[in-house]
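Q: Just add 4 to the spot in the sequence shown (first one is 1) and you have the numbering used here.
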Amino acid sequence: MNKSFPLQTLLNLAQSKNEEATRRLGLLNRQQHDAQAQLDVLCQYRREYQERMQSASRDGMNPALLKNFQEFIYKLDVAIAQQSKAVEQCKLSAQMGRSEFTSTQRKLKSFDTLQQRHVETQIKAQAKQEQKTTDEHTGRMNAYKMLNMENK
5 MNKSFPLQTL
15 LNLAQSKNEE
25 ATRRLGLLNR
35 QQHDAQAQLD
45 VLCQYRREYQ
55 ERMQSASRDG
65 MNPALLKNFQ
75 EFIYKLDVAI
85 AQQSKAVEQC
95 KLSAQMGRSE
105 FTSTQRKLKS
115 FDTLQQRHVE
125 TQIKAQAKQE
135 QKTTDEHTGR
145 MNAYKMLNME
155 NK
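#1: Which stretch, first to last residue, makes up the alpha helix (DSSP H) that contains P67?
#2: On the criterion of 16 or more Cβ atoms from any shown chain inside 10 Å, does N152 qualify as buried, or is it exposed?
#3: Are the CB atoms of Y35 and C94 nearer to each other than 8 Å?
#4: Which stretch, first to last residue, makes up the alpha helix (DSSP H) that contains D44?
#5: Taking 6 Å as the limit between beta carbons, can you name the residues of its chain near L32, skipping five residues before and five after?
#6: So, are the CB atoms of Q87 and Q120 less than 8 Å apart?
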């Protein structure tokens, strides 16, 4: 009597998409974290190099060394700007991943709710059928007893 859930294929697909969205979100979060960590390292390295240049310039340094410091700091600034853009892109990607994850969660929950309702309907129908069978059996038993009483 139990009918299978007619939307089982869609439920399975929703579960699969949700699992993929979960994996993707984890990857995007990890990429965002790594990009931010790399930016932090570049910024820290620039601060340290700036401090070295200031310290060396206080003690006196030749113009060629000063130019090397300045060129290297400029290159660090360019790298920091590029990494900042990468961090922003990773943040946007992670936000899109969170939206996708939320969407797949919502769909999965909807199909799960429909499946629960289907199961409850099946249980009620089975209980009704069992009650009907019991009532019929009880009715036959009572009729049989009545027949036996009349025959005596």
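We treat Cβ as the ideally placed atom computed from N, Cα and C, and that holds for glycine.
A: Judging by the given coordinates:
#1: 67-155
#2: exposed
#3: Before going further, note that residue 35 is Gln rather than Tyr in the sequence given. Result yes, Cβ atoms of Q35 and C94 sit closer than 8 Å.
#4: 12-62
#5: S97, A98, G101
#6: no
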